[in-house]
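Below: one structure, written as structure tokens.
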Amino acid sequence: MPDPYTQQAQADLRDWQRQMQQKPTLLGRFTRHVQVRLNALLPEKLHRVLTATIQKMVEGVLFGSQHTTRQPVTEGTLAEREARVRARIRNYRTAATVEGGATGAAGFLLGLADFPLLLGIKLKLLFDIAALYGHDVRQLSERLYLLHIFQLAFSSQHTRRETYQQLAAWPATEATATAETFDWRTFQQEYRDYIDLAKMAQLLPVVGAAVGAVANYRLLAQLGETAMMAYRLRWFAQAPELPPTAPPAALPG
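Adding 4 to a residue's 1-based position in the sequence shown gives its number in the numbering used here.
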């Protein structure tokens, strides 16, 4: 029988799986409709520039920075690993909070600089979490898994359902996934739409520092939780001694 921690982790994972497969709410559908209409108003040239810019930022950290890679942790129970994961999330969350407050307080130009800085912090957190769960992030397939986790964390419910299905069936997804075939346009639009309000408010005078600190704190917490659940999917799938954790049936619609 699995230990109490493992049993609770499996129960929490099943709850999270249900959340990932929920249909978008009425408000969510309305918000997505508005965002699609607003994105349609932007010139195609601007879409291409934004997509290329964010793609280069992400690829620069995710695929090109060898110094960010860590050796995978090969020993430890799930409870031991996740204690270290939570500690790492707290450390990165603190760093992101300080960075968001500092750039928000410094004014408009440095507020804009928060975007790539925070992006780097998020991706480096994912590197550390992956290694603590025992995955070798020097492998391209593992970095692509991180990319999908990132998209899962910062997307509308519509896109989140699709991305969750890709992670839940990762062996099949991995067989065809490449950086070149990844939908970078959807990635950048969903990411911008998810964080636009908080990050735009960070540029405001006086309140920018507080807004930046709180926004970064919440964004790192969201990413950390999503990453833990995504790696639990693989942990339980690869642990034959545990009872199977069948994913909840996909909701219709």
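Even glycine gets a Cβ: it sits at the ideal position worked out from N, Cα and C.
Proximity of the region 125-140 to the region 167-174 falls short of the contact definition, fewer than three beta-carbon pairs being nearer than 8 Å. In the three-state reduction of the DSSP assignment, D7 falls in the coil class, being assigned neither a helical nor a strand state.
Residue range 174-180 is occupied by the alpha helix (DSSP H) that includes A176.
A distance below 8 Å separates the beta carbons of I125 and Y96. For R142, no alpha helix (DSSP H) encloses it, and the DSSP letter there is neither H nor E. CA-CA distance, E79 to R147, rounds to 21 Å. It is roughly 13 Å from the alpha-carbon of E63 to the alpha-carbon of D187. For T180, the closest C-alpha among the options K27, S145, A13 is that of S145. A residue is called buried once 16 or more other Cβ atoms fall within 10 Å of its Cβ, and T182, having fewer, is exposed. Shown here, T98 sits in a helix according to DSSP, grouped into three states.
Just measuring C-alpha positions, the residue of R238, T230, Q242, D7 sitting nearest M24 is T230. Inclusion of Y221 and T81 in the CB contact set at 8 Å is not warranted, their separation being larger than that value. Burial is judged here by how many other beta carbons sit within 10 angstroms of a residue's own beta carbon; G228 has at least 16 and is buried. Assignment of G138 by DSSP, reduced to helix, strand and coil, places it in the coil class.
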